[in-house]
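A.B. asks: Line order of the protein sequences matches chains R and U. In terms of numbering that gives the first Met the number 0, the first sequence opens at residue 0 and continues consecutively. In terms of numbering that gives the first Met the number 0, the second sequence opens at residue 0 and continues consecutively. For every residue, glycine included, the Cβ atom is placed at its ideal position computed from N, Cα and C. Quick one: the structure is below, questions incoming.
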Amino acid sequence: MHGLVNRSIQCFLRDTYGPGCWAAVARAAGVGPGGFETMLHYDDALTGAMLDAAAGQLRRPREAVLEDLGIYLISHPGPEFLRRLLRFGGVGFADFLHSLEDLPERGRLAVPDLDLPELKLAEQAGPGRYDLICRGGPPGIGHVVAGMLRAMADDYGALALVDHAGATAGEERISIHLLDSRFAAGRPFDLAAGPDPARGSTPEGARG
Amino acid sequence: MTAAGGFAVGMAALDRLMPMHLCLSGTGAVLSAGPTLAKIAGAPLAGGAFFDLFEIRQPGGIATPGDLARRAGARLYLNLRAVPETGLRGLAMPLQGGGPEGGGQENGGLILNLSFGIDLAQAVRDHALTDTDFAATDLAVELLYLVEAKSAVMAELRDLNRRLQGARIAAEEQAQTDTLTGLYNRRAMDRIMAEVAAKATPFGLMHVDLDYFKQVNDTLGHAAGDHVLREVARALRAETRTGDMLARVGGDEFVIMFPGLTDPAAMEVIARRMIDRLSRPIPYRDRDCSISASIGMTASTLYDAPDPDRMLADADRALYVAKRGGRAGVAMHRPKARGG
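This is the structure:
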């Protein structure tokens with residue numbers, strides 16, 4: 000598993016439930032004392048063990064932990080890298096949904112060895128109804144994506160119902176019902192608000 | 000009208016298709032300008048003269064509408080005179096007359112399509128551009144995404160490199176230290192002696208060997224022996240200066256290098272003081288451990304070309320001379336002849 004993924008889970012547990020929770024999960028899952036490095040690769044089994052340990056430690060279903068992870072990835076205040084990178088995908092939530100099929104390629108543009116699940120958006124009968132199919136990701140990835148989509152809808156100021164609609168062999172289905180694309184003001188997005196390349200660095204403490 | 004003869008496109012459609020277009024009359028007057036171009040100009044462009052508003056940097060020698068028409072199809076590097084810091088690139092092509100009569104006939108006018116140059120990110124920052132300022136087909140926003148993603152990834156890699164560098168330094172330091180006493184180990188000593196010898200700094204060298212240490216180990220056990228070795232290291236540190244290099248090179252053997260100290264008499268004073276101190280009983284639990292030490296010495300000034308290995312061998316030989324003279328002895332290496 001890419002270190003970016005493991006590191007995200009580490010930061011999620013630490014920021015949301017405190018360093019003590021992360022330390023207990025790391026111990027239970029056999030993660031080294033330094034935690035994960037974002038730019039290295041780790042055994043897939045370690046990610047699974049960490050998620051099981053987190054679910055046990057928090058006494059919550061693994062699916063709920065994964066969904067909270069998805070929400071955290073977008074809405075946690077801080078460097079907002081992921082939120083910003085996703086916002087580049089479209090001017091409104093519907094536009095963003097249409098850009099999701101490009102997401103694995105966008106991910107690879109940024110981090111060539113990052114494997115993201117294949118995403119397929121299908122419009123359903125009735126206005127604003129979509130199904131998103133995630134294929135080829137680790138089990139439970141659909142819950143993370145559902146959490147991210149909920150947070151992105153908030154970010155765009157859209158009112159949308161997002162639900163994990165079940166998994167079949169190698170596929171997870173997420174149903175999306177976009178009720179109002181301009182429900183609230185949403186968070187502003189400035190194309191040029193990212194790190195200034197002229198300065199050549201990101202602010203200190205920008206990493207999660 | 001046929002495809003071969005050309006199409007007419009309404010201005011609103013043109014603004015969406017090419018938000019940075021310019022239409023010029025045959026005399027170089029700006030007939031219309033796309034909304035993004037007008038936004039970065041900060042003032043209306045229509046009605047102005049193209050060459051008053053824009054400067055064509057490359058190719059050189061384009062100063063009239065006629066020059067521009069002759070370079071139709073070539074890539075142009077240009078900028079607005081009002082905002083020279085924002086580089087633009089563009090392409091000019093001849094316009095055809097509109098309406099049924101003019102269809103297919105060039106009317107002397109030009110259409111230019113412009114885009115930002117390689118400094119796109121800076122232009123977006125300078126002019127507060129948004130997604131809607133670009134044509135939906137334009138990859139400009141993807142380029143911005145890439146710039147941002149690349150910066151984030153580079154920052155991660157920089158952090159990773161910094162942490163790995165720190166870990167490497169820590170590992171190297173650990174690998175140079177004798178974990179029991181905190182003194183340098185043999186490897187570190189070899190390296191430091193080679194460095195000092197290469198710098199031609201004169202230095203004295205002592206080889207310290209503990210007496211009766213084996214008895215402490217045998218009668219009181221290894222824990223007592225380890226305790227004694229730690230106390231010896233502490234004593235040797237106390238009797239040396241900050242810049243002197245202390246290494247534990249064997250079970251009960253130590254090497255000390257004294258940069259800048261080569262006088263045999265002064266070295267002997269230090270050696271005697273060390274032996275006196277090491278001869279005091281070292282308390283361990285309810286017992287006293289009694290040891291002593293013998294010291295062989297040499298100095299770099301005794302050699303024409305001081306070689307660390309040879310000096311260590313000579314200090315070792317002097318140590319045996321000291322031991323032969325009874326325990327708790329000190330001996331200085333005596334070269335057979337100067338430089339020998």
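Let me make sure I understand the geometry here. Which of L311/U, G9/U, F253/U and A193/U has the alpha-carbon closest to that of E230/U?
C.D. replies: Comparing alpha carbon positions, the residue from L311/U, G9/U, F253/U and A193/U closest to E230/U is F253/U.
A.B. asks: In this structure, how does DSSP classify L30/U when only helix, strand and coil are distinguished?
C.D. replies: strand
A.B. asks: Who are the Cβ neighbours of G108/U in its own chain at under 8 angstroms, not counting the five residues just before and after it?
C.D. replies: C22, L23, S24, G25, L30, P93 and L94
A.B. asks: For E100/R, decide whether its Cβ has a neighbour in chain U, counting only Cβ atoms nearer than 7 angstroms.
C.D. replies: no
A.B. asks: Contact between the stretch 197–212 of chain U and the stretch 263–279 of chain U is defined here as three or more beta-carbon pairs at a separation below 8 angstroms; is this criterion met?
C.D. replies: Look at the beta carbons and you see the stretch 197–212 of chain U touching the stretch 263–279 of chain U: at least three pairs across the two are nearer than 8 angstroms.
A.B. asks: To the nearest angstrom, report how far apart R276/U and A234/U are at their CA atoms.
C.D. replies: 7 angstroms
A.B. asks: Kindly list, in the order they appear in chain U, the residues whose Cβ is closer than 7 angstroms to that of V64/R.
C.D. replies: Per Cβ cutoff of 7 angstroms: no residues; V64/R is ~25 angstroms from chain U at best.
A.B. asks: Is any beta-carbon of chain U found at less than 7 angstroms from that of A93/R?
C.D. replies: no
A.B. asks: Tell me whether R172/R sits in a helix, a strand or coil according to DSSP, three-state version.
C.D. replies: Taken through DSSP and simplified to helix, strand or coil, R172/R comes out as strand.
A.B. asks: At the level of alpha carbons, what is the spacing between L128/U and R82/R?
C.D. replies: 19 angstroms
A.B. asks: For chain R, is any of its Cβ atoms less than 7 angstroms away from the one on R124/U?
C.D. replies: Yes, R124/U counts as interfacial toward chain R.
A.B. asks: Report buried or exposed for Q123/R, applying the criterion of at least 16 other Cβ atoms within 10 angstroms of its Cβ.
C.D. replies: exposed
A.B. asks: How many angstroms separate the CA atom of H1/R from the CA atom of L158/R?
C.D. replies: One C-alpha to the other measures close to 33 angstroms.
A.B. asks: What are the boundary residues of the beta strand (DSSP E) that M92/U is part of?
C.D. replies: L87 to Q95
A.B. asks: Please list the terminal residues of the continuous alpha helix (DSSP H) segment that includes E79/R.
C.D. replies: Run containing E79/R: none; DSSP gives neither H nor E here.
A.B. asks: Give the DSSP-derived three-state secondary structure of Y319/U in the structure shown.
C.D. replies: In the structure shown, Y319/U sits in a helix (DSSP, three-state: H, G or I).
A.B. asks: As a quick exercise: from T300/U, L209/U and A298/U, pick the residue whose alpha carbon is nearest that of G328/U.
C.D. replies: L209/U
A.B. asks: Determine whether the Cβ of V140/U lies closer than 7 angstroms to any Cβ atom of chain R.
C.D. replies: Closer than 7 angstroms: yes.
A.B. asks: Going along chain U, which residues have a C-beta under 9 angstroms from V90/R?
C.D. replies: T129, D130 and T131
A.B. asks: Please check if any C-beta of chain U sits within less than 7 angstroms of the C-beta of E170/R.
C.D. replies: no
A.B. asks: According to DSSP, simplified to helix, strand and coil, what is D306/U?
C.D. replies: coil
A.B. asks: Give the straight-line distance between the Cα atoms of L142/U and A191/R, rounded to the nearest whole angstrom.
C.D. replies: 12 angstroms
A.B. asks: Pick from M147/R, A152/R, L113/R and R172/R: whose alpha carbon is nearest that of A349/U?
C.D. replies: This structure cannot speak to residue 349/U, because chain U is shown only from 0 to 339.
A.B. asks: When you check each C-beta in the stretch 33–49 of chain R against every C-beta of chain U, which residues fall closer than 9 angstroms?
C.D. replies: G33, E36, T37, M38 and L39
A.B. asks: Quick check on A7/U: buried or exposed, where buried means 16 or more other Cβ atoms within 10 Å of its Cβ?
C.D. replies: By the neighbour-count rule (16 or more Cβ atoms within 10 Å), A7/U is not buried but exposed.
A.B. asks: Among the candidates E194/U, A71/U and H126/U, whose CA atom is the shortest distance from the CA of M244/U?
C.D. replies: Answer by Cα proximity: E194/U.
A.B. asks: Between E155/U and chain R, is there a C-beta pair that is closer than 7 angstroms?
C.D. replies: Yes, E155/U lies at the interface with chain R (some Cβ there is under 7 angstroms from its Cβ).
A.B. asks: Is there at least one Cβ from chain R nearer than 7 angstroms to A148/U's Cβ?
C.D. replies: yes
A.B. asks: Can you tell me where the alpha helix (DSSP H) with Y41/R in it begins and where it stops?
C.D. replies: Counting along the chain, Y41/R sits inside no alpha helix (DSSP H), nor does DSSP assign it H or E at all.
A.B. asks: Rounded to a whole number of angstroms, what is the C-alpha to C-alpha distance between Q56/R and G135/R?
C.D. replies: 28 angstroms
A.B. asks: Which residues in the same chain as F130/U place their Cβ atom closer than 7 angstroms to its Cβ, once the five residues preceding and following it in sequence are excluded?
C.D. replies: Checking the sequence shown, residue 130/U turns out to be Asp, not Phe. If we look at D130/U and ignore the five residues flanking it on each side, its Cβ neighbours are V140.
A.B. asks: Using beta-carbon positions only, say whether M352/U and L113/U come within less than 7 angstroms of one another.
C.D. replies: Past the edges of chain U, shown from 0 to 339, lies residue 352/U, and the structure says nothing about it.
A.B. asks: Taking the continuous beta strand (DSSP E) assigned at T167/R, which residues delimit it?
C.D. replies: Counting along the chain, the beta strand (DSSP E) containing T167/R begins and ends at L158 to T167.
A.B. asks: Within 7 angstroms of any Cβ in chain R, is that where the Cβ of L145/U sits?
C.D. replies: yes
A.B. asks: State the Cα-Cα distance for the pair F133/U and P43/U, rounded to the nearest angstrom.
C.D. replies: 19 angstroms
A.B. asks: Name the two residues that bound the continuous beta strand (DSSP E) containing Y76/U.
C.D. replies: R74 to L79
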